[in-house]
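Shown next, in structure tokens, is the structure this report addresses.
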Amino acid sequence: MTARRARNFAFSGLVLIAAMIWIFPLYWALTTSLRSENRIVSDAGVFIDELNISAYVEVLSTSKLPIWYLNSVATSVITTAIVLVTGMMCAYALSQLRFPGRKTLYLLVVASFMVPVPALYVAQFILMSDLGLVNTWWGIILPQLIVPVVVIVYKQFFDAIPKEMREAVLLDGGGEFTLLFKLYLPLNWGITAALAIITFITTWNNFFWPFLVVTSEDMMTIPVGITQVNDAFGVAYARMMALALLAAAPVIIGYLIFQKRVTEAVMISAGVKG
Amino acid sequence: MGAPGQSLQGEEAAMSKAKRRRRELRAAGLLTAPFLFVFLIFFLYPTYKVIALSFTDAPLIGDGQWIGLANYAKLLNDRLFFTSLWNNLYFVLLTVVPTTVIALLIALAVSKLKGRMQALVLTLFFLPYVLPVSVVTLIWAWMLDFQFGILQPLIAAVTGKPVPVFRNPYWVMPMIAVVTIWWTNGFNVLLLIAGLRNIPEDLYEAASLDGATPWQRFWRVTWPLLWPVTALVLTLQLILQLKLFDQVYLLSNGGPFNSSYVVLMQMYREAFQLNNGGYASAIAMVLFLVIVIVSVLQFQLLRIGGRK
Chain P
2 MTARRARNFA FSGLVLIAAM IWIFPLYWAL TTSLRSENRI VSDAGVFIDE LNISAYVEVL
62 STSKLPIWYL NSVATSVITT AIVLVTGMMC AYALSQLRFP GRKTLYLLVV ASFMVPVPAL
122 YVAQFILMSD LGLVNTWWGI ILPQLIVPVV VIVYKQFFDA IPKEMREAVL LDGGGEFTLL
182 FKLYLPLNWG ITAALAIITF ITTWNNFFWP FLVVTSEDMM TIPVGITQVN DAFGVAYARM
242 MALALLAAAP VIIGYLIFQK RVTEAVMISA GVKG
Chain F
34 MGAPGQSLQG EEAAMSKAKR RRRELRAAGL LTAPFLFVFL IFFLYPTYKV IALSFTDAPL
94 IGDGQWIGLA NYAKLLNDRL FFTSLWNNLY FVLLTVVPTT VIALLIALAV SKLKGRMQAL
154 VLTLFFLPYV LPVSVVTLIW AWMLDFQFGI LQPLIAAVTG KPVPVFRNPY WVMPMIAVVT
214 IWWTNGFNVL LLIAGLRNIP EDLYEAASLD GATPWQRFWR VTWPLLWPVT ALVLTLQLIL
274 QLKLFDQVYL LSNGGPFNSS YVVLMQMYRE AFQLNNGGYA SAIAMVLFLV IVIVSVLQFQ
334 LLRIGGRK
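If you read the sequences in order, they're chains P and F.
In this text, residue positions in the first sequence follow the working numbering: the first is 2, and each later residue adds one.
In this text, residue positions in the second sequence follow the working numbering: the first is 34, and each later residue adds one.
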């Protein structure tokens, strides 16, 4: 028994070491960001032995990081809210109501899964340019509003709610909107939170589209903005890593807080894709 | 006495049924309208537009002439396009199966752990997945920096000298693959762990009672029961990696000597730098078709797998 316990202990230790090696690049970025530029190029110990925050101060005061935060927060929050509300309403209709074109609509939503979105970027850019939305929040937001997985997941969860509960609300004189917002939505807060988180992270991290539709530095989101600083700083390792970590901080902190929900969200969204 | 009352009731019922139906239709209209509006304008219309554009010589902004299949004919003679296609394929080979194997190993190891230890290890393996791509490339560019990168001694130990990996035609794609696997692997680990949890414990117990070795238990129990999830991971990865752009743009910009030039890179250059909207659309259409075909095959494959 003790031999087995010792073996388990050794196994856990090995896996933990592997995980620490896996996360090492992130740790190394942190170590680098806390050193002075001179020391980085002269000697580089693996351990954090200096707590020099001047790189952070400089990045925050000289780059447009605060504005990019604002742009990222605004576009991601608005996108997530619209995606959830429109997706939920459409899913409710698909799941609970009979109307002409229902099957066609559902097939379209499912089929849109297959379309590689970047293949549409040229046409979407032209559309945004025609609408005068290049270099605006709405230009960033509008093409990102199509998230078929939200509709499909909501529909599956709405399908699973027993019809008797529905009848009870209808007998009390409630309409479809009452049903959706007083019954179906409250029963699915968990799934709503999961979908919100996965939509938010996806939007926050999107690089390609905001990179195309935004050219003005004041309208950039975090993932696009930090690539501009790259060019401006030249060789400045501590500042680059401070910048990377400041840019990553919201998602890292968010993930650590909502860990369970994030993993749940990833599984749900992928389960549907099969 | 009873008859007229009944027919009146019947009429009322018919009336209220018709009314209910009208209300249902109106509600359906109101509920689907916002989604439909967005879907039609920002998805279906661009889909139509990119198909239409691929048959014209339009610049990025402005109108063009209908030129039939000329863009597609040009593609067939475009050596850069075939280089791009080949690089996409090469990248798929470098990532899809390796990342699935690595994720499977990690998932098997993590699922053997318990409690907080498991939570901690899973967090460490998953964390890179939530990072924005440009943060990932910044960190790896520093890790692999030619002069001061902490991984250069490792590379020098193998090759005898440091290598500027993203400026070397032989190293660039494998290294972008390494970065990509590091970044996206957590997603696969998560799916495989979920798959492993769905395998009933008593199957392992039964196998142990029959005297199966761990090796046999893996190949006779775990592998076949996990296959649907493994197949899902493989196909999702295939589709994802075909859409490669961000990492290449940020790490090597398609170079050196086009050795990391990929299809979306060419679409981007043609549309946004060379102002060839029509030709870029034709390139996009090829990617579009490849991915739709892969998706349909995936769907069929998983359906067959599900039937078994």
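The C-beta atom is built at its ideal place from N, Cα and C for all residues, glycine as well.
Handout entry: Where the alpha helix (DSSP H) containing alanine 248 of chain P begins and where it ends
Key = Residues 238-258.
Problem - Distance CB(glycine 311 of chain F)-CB(serine 49 of chain F) smaller than 8 Å - result: no
Handout entry: 4 or more residues per run - each alpha helix (DSSP H) lying fully within the region 177-245 of chain F
Key = 185-192, 205-230, 234-242
Practice task
Would you tell me roughly how many angstroms separate the C-alpha atoms of threonine 216 of chain P and glutamine 306 of chain F, rounded to the nearest one?
Solution key: 13 Å
Practice task
Please check if any C-beta of chain F sits within less than 8 Å of the C-beta of alanine 82 of chain P.
Solution key: no
Handout entry: Beta-carbon neighbours of glutamate 165 of chain P, restricted to chain F and to distances below 8 Å
Key = Per Cβ cutoff of 8 Å: no residues; glutamate 165 of chain P is ~18 Å from chain F at best.
Practice task
Taking only beta-carbon positions, decide if proline 187 of chain P is within less than 8 Å of chain F.
Solution key: no
Practice task
Indicate the three-state DSSP secondary structure (helix, strand or coil) for threonine 216 of chain P in the structure shown.
Solution key: coil
Exercise for the section: Output the distance between the C-alpha atoms of glycine 23 of chain F and proline 144 of chain P, rounded to the nearest integer angstrom. Expected result: Residue 23 of chain F cannot be examined here, being either before or after the span of chain F that is shown, 34 to 341.
Practice task
Whole angstroms is fine: what's the gap from arginine 55 of chain F's alpha carbon to proline 257 of chain F's?
Solution key: So the two alpha carbons sit approximately 51 Å from each other.
Problem - Nearest neighbour of alanine 30 of chain P, chosen from F:Ser167, F:Leu269, F:Ala245, F:Trp175 [CA to CA] - result: Selected option, being the one with the closest Cα: F:Trp175.
Exercise for the section: Could you pull out every residue in the same chain whose Cβ sits closer than 6 Å to the Cβ of leucine 181 of chain P, ignoring the five residues on either side in sequence? Expected result: Tyr93
Handout entry: Residues of the region 251-262 of chain P whose Cβ lies closer than 9 Å to any Cβ of chain F, in chain order
Key = Val252, Ile253, Gly255, Tyr256, Leu257, Gln260
Practice task
Determine which residues of the region 249-281 of chain F have a Cβ less than 9 Å from any Cβ of chain P, and write them out in chain order.
Solution key: Pro261, Val262, Ala264, Leu265, Val266, Thr268, Leu269, Ile272, Leu275, Lys276, Phe278, Asp279
Handout entry: Per-residue contacts from proline 1 of chain P into chain F (C-beta, under 8 Å)
Key = The requested residue 1 of chain P does not occur in the structure, where chain P is confined to residues 2 to 275.
Practice task
May I ask you to verify whether the region 31-51 of chain P touches the region 239-249 of chain P, counting CB pairs closer than 8 Å and requiring at least 3?
Solution key: Yes, they touch.
Exercise for the section: Compare the C-beta of leucine 17 of chain P with all C-beta atoms of chain F and state if any pair is closer than 8 Å. Expected result: Yes, its Cβ sits closer than 8 Å to a Cβ of chain F.
Exercise for the section: Specify the secondary structure class of threonine 222 of chain P as computed by DSSP and reduced to three states. Expected result: coil
Exercise for the section: Could you tell me if threonine 87 of chain P is buried or exposed, where buried requires 16 or more neighbouring beta carbons within 10 angstroms of its beta carbon? Expected result: Classified as buried, threonine 87 of chain P has 16 or more neighbouring CB atoms from the shown chains inside 10 Å of its CB.
Practice task
Compute the distance between the beta-carbons of isoleucine 141 of chain P and threonine 193 of chain P, then report whether it is under 8 Å.
Solution key: no
Handout entry: CA-to-CA distance, aspartate 235 of chain F to arginine 250 of chain F, given in whole angstroms
Key = 12 Å
Problem - Same chain, Cβ closer than 7 Å to arginine 53 of chain F, five either side skipped, listed in chain order - result: none
Handout entry: For threonine 89 of chain F, the three-state DSSP class (helix, strand or coil)
Key = strand
Exercise for the section: Output yes if chain P places a C-beta closer than 8 Å to the C-beta of lysine 341 of chain F; else output no. Expected result: Annotation note: pLDDT 40 at lysine 341 of chain F (below 50); position unreliable, no value reported.
Handout entry: 8 Å CB neighbourhood of asparagine 189 of chain P in its chain, flanking five on each side removed
Key = Tyr155, Phe158, Phe159
Handout entry: For tryptophan 99 of chain F: DSSP bridge partner residues
Key = F:Thr89
Problem - C-alpha gap between leucine 17 of chain P and valine 154 of chain F, whole angstroms - result: 6 Å
Handout entry: Residue from F:Ala245, F:Asn221, F:Leu259, F:Leu330 whose Cα sits closest to the Cα of proline 233 of chain F
Key = F:Leu259
Problem - Where methionine 129 of chain P falls, given that 16 or more other Cβ within 10 Å makes a residue buried - result: buried
Problem - 8 Å CB neighbourhood of leucine 160 of chain F in its chain, flanking five on each side removed - result: Gly219
Practice task
Have a look at glutamine 180 of chain F and glycine 97 of chain F and give me their C-alpha separation to the nearest angstrom.
Solution key: 49 Å
Practice task
Counting only the same chain and skipping the five closest in sequence on each side, list residues whose C-beta sits under 8 Å from that of lysine 341 of chain F.
Solution key: A caution first: lysine 341 of chain F carries a pLDDT of 40, below 50, which makes its placement in the model unreliable, though a value can still be read off. So the list is empty, once near-sequence residues are dropped.
Practice task
Using a Cβ cut-off of 8 Å (strictly closer), state whether alanine 172 of chain F contacts chain P.
Solution key: It should be pointed out that residue 172 of chain F corresponds to isoleucine in this sequence rather than to alanine. Closer than 8 Å to some Cβ of chain P, the Cβ of isoleucine 172 of chain F qualifies, so yes.
Exercise for the section: Output yes or no for whether 8 Å exceeds the beta carbon distance between proline 79 of chain F and leucine 121 of chain P. Expected result: yes
Practice task
Evaluate methionine 276 of chain P with the Cβ neighbour count: other Cβ atoms within 10 Å of its Cβ, from every protein chain shown; 16 or more gives buried, anything less gives exposed.
Solution key: With chain P covering 2 to 275 only, the question about residue 276 of chain P has no answer from this structure.
Exercise for the section: Note down the Cα distance separating asparagine 136 of chain P from glutamine 299 of chain F, rounded to an integer number of angstroms. Expected result: Computed Cα separation, rounded: 23 Å.
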